[in-house]
Structures are given as structure tokens and as C-alpha cells.
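Residue numbers (the numbering used here), protein chains in the order written: chain A, 857 to 1512; chain B, 5 to 172. Glycine included, each C-beta is placed from N, C-alpha and C at the ideal position.
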Amino acid sequence: MIIQLAGWTSKGLRCPDIDLTLGNGGAIPIVSLLQMPNGTGKTTTLTMLRAAMTGEASTWPADRVRALRRPGETTDQGQFALHLAIDGKPLTLEVRLNFEDGTASYRTSSPGLGGLVPGWKPPQEVQRFFDDRFVKLFVFDGEFADRLLQPGYSEAGQAIDALFQLYLLEEVQAKTQEIWEKAASTKGAKTETGLTMYQNKASRLATRIAKAEKALQEATSKLASTNAAITELEQKIQDRIGAQEELRAKLDAAREREMAAENDVNACAATVMGYIRQPHVLAAGFATSLVHMKNQLDRLKLPASTSSQFFIELLQEDNCICGRPLDDNTRDVLKQRAALYLAEDTSGVLNTLKGDIDNNIEKPGAATSKDLTTSLEELGKAVVEKATATTAVRALRQKLIDQGDEELRKNEEELNERVKERELLTSLIGEINRAPSINDDENTKCLKSLRAQLLEVQKKVAEITGTIELRQKVSIIQQILTDALADARQRLRTVILQEVNDRLRKVLYRDPLEVASIDSCVRLKAQEGASVGQTLTVGYVFLTTLLNRGQHQVPLVIDSPANPLSIEVRREVGKIIPSLCKQFVAFTISSERAGFVRPLAETANGSIGYFTLFRKTPGTAPLMSSLPQQGVTQTESGVLVTGKEYFEKFDLEEEA
Amino acid sequence: MAFRLRQDVEDWFSQIHKQKPIETKFDLYYLCLMLGLATGRSSQPSARCATISEGFVDNFVMAYRPYQRLIVGLLLKAELSSLGVGLEESDFVRKKLLELVDPTAPTNLTEAGMTKLNEYASGGFDYLTEKMESKPYHVEEFLQTYAQLVRDAAAGSDTWTPATPAST
Chain A
857 MIIQLAGWTS KGLRCPDIDL TLGNGGAIPI VSLLQMPNGT GKTTTLTMLR
907 AAMTGEASTW PADRVRALRR PGETTDQGQF ALHLAIDGKP LTLEVRLNFE
957 DGTASYRTSS PGLGGLVPGW KPPQEVQRFF DDRFVKLFVF DGEFADRLLQ
1007 PGYSEAGQAI DALFQLYLLE EVQAKTQEIW EKAASTKGAK TETGLTMYQN
1057 KASRLATRIA KAEKALQEAT SKLASTNAAI TELEQKIQDR IGAQEELRAK
1107 LDAAREREMA AENDVNACAA TVMGYIRQPH VLAAGFATSL VHMKNQLDRL
1157 KLPASTSSQF FIELLQEDNC ICGRPLDDNT RDVLKQRAAL YLAEDTSGVL
1207 NTLKGDIDNN IEKPGAATSK DLTTSLEELG KAVVEKATAT TAVRALRQKL
1257 IDQGDEELRK NEEELNERVK ERELLTSLIG EINRAPSIND DENTKCLKSL
1307 RAQLLEVQKK VAEITGTIEL RQKVSIIQQI LTDALADARQ RLRTVILQEV
1357 NDRLRKVLYR DPLEVASIDS CVRLKAQEGA SVGQTLTVGY VFLTTLLNRG
1407 QHQVPLVIDS PANPLSIEVR REVGKIIPSL CKQFVAFTIS SERAGFVRPL
1457 AETANGSIGY FTLFRKTPGT APLMSSLPQQ GVTQTESGVL VTGKEYFEKF
1507 DLEEEA
Chain B
5 MAFRLRQDVE DWFSQIHKQK PIETKFDLYY LCLMLGLATG RSSQPSARCA
55 TISEGFVDNF VMAYRPYQRL IVGLLLKAEL SSLGVGLEES DFVRKKLLEL
105 VDPTAPTNLT EAGMTKLNEY ASGGFDYLTE KMESKPYHVE EFLQTYAQLV
155 RDAAAGSDTW TPATPAST
């Protein structure tokens, strides 16, 4: 399927009223450059382009709809009609905004529909390309391509998921969950409180799991690039200081001492903590007080040989053990006194406490607070020793660096930063991946624990609602879908990797680059050595490889493709883009032209359209007198000029 | 009722928690508890911190089981001292024992006993954060400072410097 952008018509919106046709006499050029000064509705145009394609506007809240009304105007209607060519046949998707009631509606026109019909109704076979997750792969801003290669972002992985609609597997998973939750929500009044509690807990756990999965994905991705950077930096540093053998040997010896000192500190700290865990060793006062307590309990004859049970049984008799009859007064006194005697099992605890005091404190050879004092002194010495060893290592490193050069210093600083970063990431990944602990609650980051907790809660909900069998079936389907998703992702990424590398060999044949892997982001072999332009080119190659697989072709619509780039990089990228796709539509400002337009035009081989569009405002009033004789279309709110000459000389001071 | 740990305790110890030799949340709890008992400071955990790790563990963890009754003993002593009562007052001692000790509970503590223990742990943490300028970053340095704090507090407390044993 070939999808082309033929033009659009807008009216009553924040962007100028305009009827734009990209094609010149029917043929749509490979490159269309649309120059719009800042503040003339570029963002609105792109928003409406996306909205027309995806059908999303019907879900917009009222304030979002109203925000698209042109400031200062009272018109109650706005329209945006997107004209497309699908395999050469026209398709128009029109968004109609009602500013009064804040709603949006659609109309669709195509030969297959027999004319204009209400609703968003692109042909079935086109709809998968107009899913919002897919549209963002070909309508985006200039920084998107760069993010495809940045660790920490997951745009590349999401792009593959979007192209192959892997999200459907996740949607089926969500649907099965929804079905079960619906079944489980029919409950009896008796169980309502408990059920709500478990359902809320399940919801919190599910959110927590999603967060932990995302954090794990991002941390893993970042760790991979951090490790690569560390290896490279270490190698660089090694190379630079390798020649200074004597100093190096001293450094190695100092490092060994430092490591030994660190081991000593750890051993001493473990001994100290072992003593601290014994309360009677932690403070001498605790030990003496406990011994005093034991002696005092002995003096008080506690636990008494008579337990409270004796008096309770006595109360049931007619006579006291001394033979006197038990009257009510005596019984009351006995009852009160009985409360002061300990039950037999409480007496048992007291006896064990006394035994523990004997064994832990009074027994010859038992640890005392002096042992902790000694250990603390040893720990203090070990800490000083370690600090001395660390200082020695730092001094030697500094000496090596001082004998090196500025770059070495920078490398050292960067290495330190990266190592810290690696520690944090490793610790985070370890925490997320660790085995569950009995101490884990729902605030843990441990994924296994969270999943186990969720399973437990779901079981509980299933028990309460009598949906155990359904829960089991849902669990099985969800596991199958999870496995299928992981497997499909792995296989597809391998195939795409091959295709991207094949394409890169052709596109960058003079200075080829190779993609090492694709996970959440695209990773280059020797990425550090690639220029910004090359990296960006790889991003575009990756995207267009995805978008133009098989018989399919979709346009690339990019907002400010050259704005974030230097002139050098613009040339590099400008040369490549037209060769990557069949249609490239760029929204630019005048300051982006330098270095970008000429190589673009050369590669497009004349198949290029130049459009300049601005709104009629006091700021653009001076431009009205210098409009060319031909190619000008004016509406009440805007001016559209077609042609290269005006495009190239157009300038507004505020853009510089 | 189980052991309760304030979330701010975990946050405060975050840099050294799980850094050997501090291995469990119970270690954090115990460190605070001992300081609370040493100083006689107690506070309601929920009044000091909105988030409480409810029942992070139900029983003394293995490393502390041999000493759990000694801890109960210290609690009993601290509670009697807080009432100005000495160990020689047998009726009071019995009453307190009945109030705090539950022989059937794995912790050997009643609900009231657990509540008190949690309050001392909370009070101990209050004291710790008052005395230490910043949260600990190096476990070996912390242990030295901590031990000294507990010892100083116990040495300066009438509870833990028993007067001449009362006459029989």
C-alpha cells in the first residue's frame, strides 16, 4: 500500500485558513518544504494532521477542542480536511470542531464510500497504518530520530511493536484481565468490603509492576551503554598511562593494600554488628540492669511457686485450704490477689529470661561490653588504615594524571561518573530482579515479589467471587501471550536488524556503519566513533526501513527536521533523506534552510515543492508589499506563496 | 500486632541498608529500639510518620532470637523506670509482667507490649536523627557513632545505672 499526503484545507483554526495542494499538476513531489514562521500555527497544523489520520479528536475534552479556535475570533466552527492518496485513489478525512459545545466530529470521503459520509471511516486495510502508535512513527519532530539511538529511550522498540501491531497481544492480555475483573466484580453484599480491598490492592500492584518493568527496561538499556563507555574509557586511560611503568606498579600495589584494608573494615564491621545485636554487650548498663533484674526477681520469689491457677481453683471450693469457710468478702480479696499472680506459662517465660541472663551474661566466657569496645577500636584502626590506603591510591592516580594531559583528566572524571552511574543502575536492577523476601510489601521494587503478591491477591479475589477456574484460564492465556510477545519481539528485531544493516551498507556506502543490536533502542557498533549526522541517519534509515517494508510506503512528515542540527550535519542528513522514502514533508522555519535545503533538492532531483505560509498579523504586515506576482493565494487570515524564489528569500527577524 | 517500622527510618538508612553487615529491616528496627530503651524515649510511630511499614515481620528474626527475652527484660525495666517504680515493688512488677508478656505469642509480648516496643523504636529513631547531623553513608562510620550514642545514653540514664540493689 502506498500512502501519500496530497494536501489539506483548514478553516477557522489557529493555523491560517488555507487550501494547500502539494502536487503540481497531479504529481506529488518527493520533497515538500513548508516554511512557516514561529507562531503561525505549525503545531496546530501537525496536531490536526495527526487527528485527521487517527480519528482521535472525537475523544478530546472540550477545552482541548476550544483551544484550537483562533484567538480573538468568535467563529463557532473549525474544519480541517486532510487529503490523501491511497494507492493513487483519493481519501479525505475531515475533522469538524464545534467550539460552542467543545466537540469534534468526522466526515470521510472516498470513492469506495460513494462520496462524503459522516464519521471517521478510512478503508479497513488503511486503518492499521492510522493507529496513533503507528502515526507517531511518520509524523514527528526532528528530535525523534535521534532518540531512537539514545539509551534510556525506548522509541525504537516501540516502533517495531507498533509496526507489527505487537500491542495487540498486550491488548488481548488486558482484555482477558478485564473479562475476569468484570466476572469478579459481581459479588455478594457480605464480601463487598473485603473484595473492594483486594481489588484496590490488585490495581495498586499492577501499577507498581508496570513501573518496575519500565524502570528495569530503562536501567538495563542504560547499563549496557554505561558498561560500553566504561570499557572504552578504561582502555583510553590504560593506553595513556601504560607507558609509565614504575608509577603504575606502585599504583597496583597501593590498590592491593586498599583492597586488603577494605576487607579488614568489612570483617571488623561484621564483628561489631554481631556484638551490637546482643543487647547486653551493646551497653554495659543493659547487662548490669538485667543481672540486677534477675537477682531482684529471685528476691521477690518471682515467678512464685504458686500460680494464679491455684487461686482460681481455690475460689471454686467451699472452704479455704486452712479449713475456714470462704465467704463473699474473702472470695473478693482472693480474686483480686489472684490477678497479681502469674499464670504458669508466664512464669515459664520469666524462668527462661532468668536462664538467658545466666547463659548470655553471667556464664564465664560470655561476651561482654568490653568485647564490643575492643572490636570498635579495631574497626576504628581499620577505617583509618583504609582511608590512608585510599588516599595513597588517589595520590598515585593523580600523579599519573598530572603526568598525562587534559584529556586524560577528563577521561578520569567521566570514568568516575560512569562508575557511579553503573553502581546505581546495578543496584536498581539487582533490587528489581532479586528473589522475593518475606519482608516485601507492595512498595517493593522486586518484580518477582510484586508478581507473586498480585497472583495471591487475584486468587483471593477469585475465591471471594467464585471465579477460580476463570482466573486459572486467564492466567494461562496471559502467560502464553507474554511468551509469544517476547518471542515475536526477539525474532522481529533480528530480522529488522538484518534489513537495517543491508540498507545502511547501501546508503552509507562511503563510510558504512553497522547496527550491533536493537532492543529498546538502536545500538551501533562503535557508536562513540559515529558523528551526529551518521547517528541521525541511522535513525532515519531504521524508521524508513520499518515504514517501507514490503509493498508499503508511508510519507515522512517531520516538524523542524534540521533545527537541532549544525550546518555540517544538516548537509549530511539533507543528502540522505530523499533517498530513504517516497515522500518527505518538512515543516521548517527560515533559519533551518542553511545547509539543509540545497542537498535535499539535489538528491530529490527536482521533485521538490516549496511553500511559504504565514498568518496575516501586524508583525507580518510588511511582508504584504513584497509578495511575488505569481503563486500567491490569500485568504482572510493567511497567505500561501508557492515557489522556490520566495521560499529562499523569506525571512522574519524574530527567527534569527 | 507485629513489629512496625516507620518509612522515614528506611529512608534515613537507605544508603547503608543492605550494605553488609546491616542485612535486614529488623536490624534497623533493633538499632532504633536499643537507642529508645537506652534514652527512655518513646513516640507513636504513626504520629511521627504518615507511612508505616505495617508488620514488616511478625517475629524476632533469627539473628535476634537468642536475645529476644533479654530485649523483653529491657522493655520491662524501661517501663517500670518510666513509672518511677523499682524492681523491688513486687505487685507492680507482676502487673507490668502481665501487661507486657504473653507467653503464647512468638514474640513473648502482648499487644500492649508490642505497642510499647514499637514506640521505643520510634523514639529511638527520633533521638538518632536529633544527634546525627545527616543520614549515614558509610556503615563502618555509622556503627562506631551509633555504639557510642547508645553507651553514652545508657550511662547517663538512671534506668541503666542501677543504684545499690534494694534491700530485701
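Which chain A residues are close to residue i, counting only those with a beta carbon under 7 Å from its beta carbon?
i: residue 165/B; result: 1141
i: residue 56/B; result: Residues of chain A passing the Cβ test: none, with the nearest at roughly 11 Å.
i: residue 155/B; result: 1139
i: residue 139/B; result: Within 7 Å Cβ-Cβ: nothing; residue 139/B doesn't reach chain A, min ~17 Å.
So, for residue i: in the same chain, excluding its five sequence neighbours on each side, which residues have a beta-carbon less than 6 Å away from its beta-carbon?
i: residue 948/A; result: 937, 939 and 965
i: residue 1430/A; result: 1452, 1455 and 1456
i: residue 1502/A; result: 1468 and 1484
i: residue 1415/A; result: 902, 997 and 1443
i: residue 1288/A; result: 1068, 1072, 1301 and 1303
i: residue 76/B; result: 112
i: residue 1409/A; result: 858 and 1438
Could you give the C-beta distance for residue i and residue j, rounded to a whole number, given that I count them as a contact under 8 Å?
i: residue 82/B; j: residue 41/B; result: 5 Å
i: residue 1271/A; j: residue 1089/A; result: 4 Å
i: residue 1206/A; j: residue 101/B; result: 7 Å
i: residue 941/A; j: residue 860/A; result: 4 Å
i: residue 1298/A; j: residue 1051/A; result: Actually they are not in contact, since the Cβ atoms of residue 1298/A and residue 1051/A sit about 17 Å apart, beyond 8 Å.
i: residue 876/A; j: residue 1413/A; result: Incorrect: roughly 13 Å between the Cβ atoms, too far for contact.
i: residue 1084/A; j: residue 1284/A; result: Their Cβ separation, rounded to whole angstroms, is 18 Å, which puts residue 1084/A and residue 1284/A out of contact at 8 Å.
i: residue 1268/A; j: residue 1086/A; result: No, residue 1268/A and residue 1086/A are not in contact; Cβ-Cβ is about 12 Å, not under 8 Å.
I'd like to check one pair, residue j with residue i: are the Cβ atoms closer than 9 Å?
i: residue 972/A; j: residue 953/A; result: no
i: residue 1487/A; j: residue 872/A; result: no
i: residue 1318/A; j: residue 1036/A; result: yes
i: residue 1029/A; j: residue 1338/A; result: yes
i: residue 1082/A; j: residue 1277/A; result: yes
i: residue 869/A; j: residue 935/A; result: yes
i: residue 959/A; j: residue 888/A; result: no
i: residue 1526/A; j: residue 1231/A; result: Examination of residue 1526/A is not possible in this model, given that chain A is present from 857 through 1512 alone.
i: residue 1002/A; j: residue 1247/A; result: no
i: residue 1302/A; j: residue 1068/A; result: yes
i: residue 1138/A; j: residue 151/B; result: yes
i: residue 858/A; j: residue 1438/A; result: yes
i: residue 957/A; j: residue 1015/A; result: no
i: residue 1359/A; j: residue 1321/A; result: no
i: residue 107/B; j: residue 62/B; result: no
Can you find the residues in the same chain that come closer than 7 Å, C-beta to C-beta, to residue i, ignoring five residues on each side of it along the sequence?
i: residue 1512/A; result: Since pLDDT at residue 1512/A reaches only 33, below the 50 mark, its modelled position is unreliable, and the value read off the structure follows with that caveat. Counting only Cβ-Cβ distances below 7 Å, and skipping sequence neighbours, we find 1447.
i: residue 1500/A; result: 1466
i: residue 1175/A; result: 1181 and 1182
i: residue 158/B; result: 42 and 164
i: residue 73/B; result: 112
i: residue 125/B; result: 33, 36, 37 and 40
i: residue 1149/A; result: none
i: residue 1314/A; result: 1058 and 1327
By the criterion of Cβ-Cβ separation under 7 Å, what are the contact partners of residue i in chain B?
i: residue 1212/A; result: 73 and 74
i: residue 1245/A; result: Neighbours of residue 1245/A on chain B: none; closest Cβ ~14 Å, over 7 Å.
i: residue 1149/A; result: 77, 81 and 91
So which residues of chain A does residue i contact, with C-beta pairs closer than 9 Å?
i: residue 34/B; result: 1132, 1133 and 1135
i: residue 19/B; result: In chain order: nothing, as chain A lies at least about 11 Å away.
i: residue 111/B; result: Under the 9 Å cutoff, chain A gives no residues; its nearest Cβ is about 11 Å from residue 111/B.
Using a Cβ cut-off of 9 Å, pull out every chain B residue sitting near residue i, in sequence order please.
i: residue 1216/A; result: 70, 71 and 74
Run through chain B and tell me which residues come within less than 8 Å of residue i, C-beta to C-beta.
i: residue 1156/A; result: 91, 92, 94 and 97
Report all residues from its chain with a CB closer than 8 Å to the CB of residue i; omit the five preceding and five following residues, and keep chain order.
i: residue 986/A; result: 909, 910, 911 and 978
i: residue 1353/A; result: 1371, 1373 and 1374
i: residue 1134/A; result: 1216 and 1223
Should residue i be flagged as near chain D, meaning a C-beta pair shorter than 9 Å?
i: residue 45/B; result: Protein chains A and B are contained in the structure displayed, whereas chain D is not.
Who are the neighbours of residue i on chain A, taking C-beta pairs under 8 Å?
i: residue 120/B; result: In chain order: nothing, as chain A lies at least about 16 Å away.
i: residue 78/B; result: 1135, 1142, 1145 and 1146
i: residue 143/B; result: 1125
Starting from the N-terminal side, write out each stretch of the alpha helix (DSSP H) that is 4 residues or longer and does not extend beyond the stretch 1001-1078 of chain A.
-> Whole alpha helix (DSSP H) segments, 4+ residues: 1011-1019 and 1023-1040.
Scan the stretch 1444-1468 of chain A and note each continuous alpha helix (DSSP H) run of 4 residues or more that stays entirely inside, going in chain order.
-> Those alpha helix (DSSP H) runs which fall completely within the stretch 1444-1468 of chain A and span 4+ residues are 1453-1460.
Alpha helix (DSSP H) runs contained entirely in the stretch 34-63 of chain B, provided each spans 4 or more residues | As far as the stretch 34-63 of chain B is concerned, its whole alpha helix (DSSP H) runs of at least 4 residues are 49-52.
Can you list the alpha helix (DSSP H) stretches of 4 or more residues lying completely in the stretch 1170-1242 of chain A, in chain order?
-> Within the stretch 1170-1242 of chain A, the runs of alpha helix (DSSP H) at least 4 residues long that lie entirely inside it are, in chain order, 1184-1194 and 1200-1213.
Pick out the complete alpha helix (DSSP H) segments inside the stretch 1375-1430 of chain A, 4 residues or longer, and give them in chain order.
-> Fully enclosed alpha helix (DSSP H) runs of 4 or longer: 1388-1403.
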